[in-house]
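What follows is a short report on a single structure.
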Amino acid sequence: MKRRDFIYWVGLGSIASSLPVALAACSSQTIAGDWQTVGTSAELDKTGQILAKNSPVGPVLVVGTSKTENLTAVNPACSHAGCTVTWQAEAKKFTCPCHGSEFGVDGKVQRGPATTPLKTYAAKIEGDSVVVKPT
Ligand code: FES
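Every number in the numbering used here is 72 more than the matching position in the sequence shown, counting from 1.
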């Protein structure tokens, strides 16, 4: 084998051996877009909501129970000035304690001063876990 051929095959081999590492690095970005656990269905059933301030996707407020067909999940940071909104179960809306903004179950503004909706997440029960995913 000539020296040039040897260098060629060694180079090709090193590229091939680093390929799995490169693929793993790329797939970790995909995981960030996947479903993330924010609590258990037992926690959700206890109060009808879970506030996960430090979830992998950011702050999340999930509303409903394990029996709810479509769980609601929003980023509870008010779009006006960032106060944490609370869920009003009877009125079925999120209200902000700071300046009175109100948001529907879909996160849309019902009453200002906020003008932009709350960020929403897809949410579901998976096994015993409550999981969310950015929409
Ligand atoms: S911070 Fe929510 S209404 Fe102002």
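Each residue gets a CB set at the ideal place from its N, CA and C atoms; glycine is no exception.
Residue from the options with nearest C-alpha to residue i
| i | options | result |
| --- | --- | --- |
| residue 169 | 114, 132 and 154 | 154 |
| residue 185 | 108, 156, 143 and 171 | 171 |
| residue 111 | 163, 165 and 196 | 196 |
| residue 193 | 125, 129, 158 and 120 | 129 |
| residue 145 | 173, 163 and 108 | 108 |
| residue 190 | 106, 122, 131 and 138 | 131 |
| residue 160 | 183, 135, 149 and 150 | 135 |
Coil, strand or helix - residue i by DSSP
| i | result |
| --- | --- |
| residue 151 | coil |
| residue 194 | strand |
| residue 99 | Per-residue confidence for residue 99 stands at a pLDDT of 36, beneath the threshold of 50, marking its modelled position as unreliable; no derived number is given. |
| residue 205 | strand |
| residue 177 | coil |
Check: residue i C-beta below 7 angstroms from any heavy atom of the ligand FES
| i | result |
| --- | --- |
| residue 206 | no |
| residue 138 | no |
| residue 145 | no |
| residue 111 | no |
| residue 172 | yes |
| residue 186 | yes |
| residue 176 | no |
| residue 130 | no |
| residue 179 | no |
C-beta neighbour in chain D for residue i, strict 8 angstroms
| i | result |
| --- | --- |
| residue 159 | No chain D is present in this structure, which holds just one protein chain. |
Is the segment 174–185 close to the segment 105–123, with three or more CB pairs under 8 angstroms? no
4 or more residues per run - each alpha helix (DSSP H) lying fully within the segment 109–172: 113–119
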